[in-house]
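First up is the structure itself, then whatever we jot down about it.
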Amino acid sequence: MNKKELRKICLERRDTMSEEERSEASFHICQILLPLLQKKTVLSYYPFRSEVSLSYLNHFLPVAYPYCKEDNEMDALVPKYGHFKKNRYGIMEPDPEKSILIPKEKIDVVLVPCVGFDESGTRLGHGGGYYDRYLKDCPAFKIGIAFECQKVEELEADEWDIPLDMIITEKSSYESGPRLVHKIKKV
Ligand code: ADP
Ligand code: MG
1 MNKKELRKIC LERRDTMSEE ERSEASFHIC QILLPLLQKK TVLSYYPFRS EVSLSYLNHF
61 LPVAYPYCKE DNEMDALVPK YGHFKKNRYG IMEPDPEKSI LIPKEKIDVV LVPCVGFDES
121 GTRLGHGGGY YDRYLKDCPA FKIGIAFECQ KVEELEADEW DIPLDMIITE KSSYESGPRL
181 VHKIKKV
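Numbering of the sequence shown is given in our numbering, commencing with residue 1 and proceeding in unit increments.
Right, here's the structure in full:
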């Protein structure tokens, strides 16, 4: 199956979950994440459609959000007054004129929303390649965030796909090879 077909299947599975299931699972994922993120500089995301919501983390941690630029590049911004507006994809993002830019080298942990993933840390996004570009030269610990139903048997990684260090769902945490969770304690 190609990436496009897999995206469709994963999104359908995610949309099939009830609001209640999604919010319970999102809360559980946030509880797993909280102790890992203490004192870290974190790039999170604003939930889009039926994605895992990480909003609960905001009560405890200041986080940066992605801002989509030209050429499918993105920046990490902290909105100064907590204001967001919809971008061309319908995703909420900070206003760059009322935000603080966090340089990539300063980010300790990136929470990467996944459309799909496999246990080896390969990620499927929406197809824009924004995270592949951002994570390419990013030293941060990369944690994929998804519901368990978004797991697929095996994803074929393209040469530009940046592997995740870890994936957290409401059911499990997946780490692969040398990319171990204890690395997060060192960042
Ligand atoms: P996603 O990761 O969002 O699922 P893909 O992996 O299919 O999307 O990548 C989407 C597009 O982004 C591809 O056409 C790919 O060529 C492009 N792309 C990804 N990473 C880079 C990069 N580092 N530089 C240039 N183009 C890239
Ligand atoms: Mg990719």
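In this text, a Cβ means the ideal position worked out from N, Cα and C, and glycines have one as well.
Bear in mind that the values here come from a model prediction, so they are computed numbers and not experimental data.
Cβ-Cβ distance between residue i and residue j below 7 Å
i: Asp108; j: Ala140; result: yes
i: Arg123; j: Glu73; result: no
Residue i CB to nearest heavy atom of the ligand ADP below 6 Å
i: His126; result: yes
i: Lys4; result: no
i: Gly129; result: yes
i: Lys40; result: no
i: Lys104; result: no
i: Lys69; result: no
Residue of the options minimising C-alpha distance to residue i
i: Ser50; options: Glu70, Arg13, Leu36; result: Arg13
i: Arg88; options: Phe60, Arg22, Cys68, Cys30; result: Cys68
i: Leu54; options: Val112, Ser176, Ala157; result: Val112
Neighbourhood of residue i by C-beta, 6 Å cutoff - its chain only, sequence neighbours within 5 removed
i: Gly128; result: Asn72
Residue i Cβ short of 6 Å to the ligand MG heavy atom set
i: Asp161; result: yes
i: Asp118; result: no
i: Asp132; result: yes
Other residues of its chain near residue i: CB distance less than 8 Å, five sequence neighbours each side excluded
i: Ile32; result: Ile168, Ser173
i: Ser99; result: Tyr67, Leu77, Val78, Pro79, Lys80
Beta-carbon contacts of residue i that lie in its chain and below 7 Å, excluding the five residues immediately before and after
i: Glu5; result: none
i: Lys171; result: Glu148
Buried versus exposed call for residue i [16 or more other C-beta atoms within 10 Å across all chains shown]
i: Met166; result: buried
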